[in-house]
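So the sequence shown is numbered by the working numbering: it starts at 1 and just counts up by one.
Built from N, CA and C at the ideal position, the CB exists for glycine as well.
This structure is a prediction, so every number in the text was calculated from the model and none was measured.
Input: a single structure, listed below in structure tokens.
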Amino acid sequence: MEHAGTFVEPVIQQVHMPAGMAGPVELSFDVRCFLVGLPDGLVLIDAGPAGSAGEIGAALERIGAHWSDVTDVVLTHSHPDHVGGLGEVTARMPGARIWAGAADCPQIPSAVPLQPLSDDDRVRELRIISTPGHTKGHISVLHEGEGLLFVGDAVGTMSGSLVRAAAQFTADAAEAERSLRRLSELAPARMLFSHGPEVADPVAELRRLLDGADGN
Ligand SMILES: [Zn+2]
1 MEHAGTFVEP VIQQVHMPAG MAGPVELSFD VRCFLVGLPD GLVLIDAGPA
51 GSAGEIGAAL ERIGAHWSDV TDVVLTHSHP DHVGGLGEVT ARMPGARIWA
101 GAADCPQIPS AVPLQPLSDD DRVRELRIIS TPGHTKGHIS VLHEGEGLLF
151 VGDAVGTMSG SLVRAAAQFT ADAAEAERSL RRLSELAPAR MLFSHGPEVA
201 DPVAELRRLL DGADGN
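What follows is the structure, encoded as structure tokens:
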């Protein structure tokens, strides 16, 4: 690889769901996975929807890397826009280890065995933060040294503000809210969302979202 040290390369795709597929109305949204370069590995966070291998391959090219450089895949949760591309991804990198939150592992179709993750586990220097609610085994991923927090679908952004994941896709709203409070306490410098671009001051925006929910 051409890069040294730690870096993040986003892989951004547009998903279109016709009316009737995930509800009565047509849905169009962006979904992001991330390549995280570490001194001792290259980690892919989420595999994206089905058909994502082309975009992930292009991102690898941008950073001067190859599929075989990917050491680990960490899946934030079991929803199809995050794991639908897993089969095509793992077929290209048979040596990588595939990780997911223990409670979500049974819901993730995979030809290769999944390594279950619990709170405070590590994948290389990345720390796993258990953030259940959106799904039972939803996890977030923290790089403490760089202040990077990958939040999956715990929260997203729209027009510069933080927004909760749509209620119809969230398993336990109260638990999801507790997980959001935990994320705000980590006070990361950057939050990387699976849906929506980064915002300038994510922790302040997250506290605003949480306070709004309290009616304070
Ligand atoms: Zn989701």
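Helix, strand or coil at residue i [DSSP, three-state]
i: H66; result: coil
i: G48; result: coil
i: H195; result: coil
i: I108; result: coil
i: T90; result: helix
Test: residue i CB closer than 9 Å to a CB of chain D
i: S184; result: Going by chain labels, chain D is absent from the structure shown, which holds only one protein chain.
Ligand 1 heavy atom lying under 8 Å from the CB of residue i
i: A165; result: yes
i: T135; result: yes
i: F34; result: no
i: S179; result: no
C-alpha distance - residue i paired with residue j, whole-angstrom precision
i: S118; j: S140; result: 11 Å
i: F169; j: L42; result: 30 Å
i: L126; j: A174; result: 27 Å
i: V31; j: L206; result: 20 Å
For residue i, the first and last residue of its enclosing beta strand (DSSP E)
i: S130; result: 126-130
i: R164; result: Note, R164: premise wrong, no beta strand (DSSP E); not H, not E.
From the options, residue whose alpha carbon lies closest to that of residue i
i: H134; options: V163, D153, C105; result: D153
i: A91; options: V123, S110, V74; result: S110
i: E9; options: D201, L162, L192, G160; result: L192
i: C105; options: V123, V89, V74; result: V74
i: L98; options: G85, A165, Q115; result: For the record, residue 98 in the displayed sequence is Ile; it is not Leu. Cα-wise, what sits closest to I98 is Q115.
First through last residue of the alpha helix (DSSP H) which encompasses residue i
i: D81; result: 80-83
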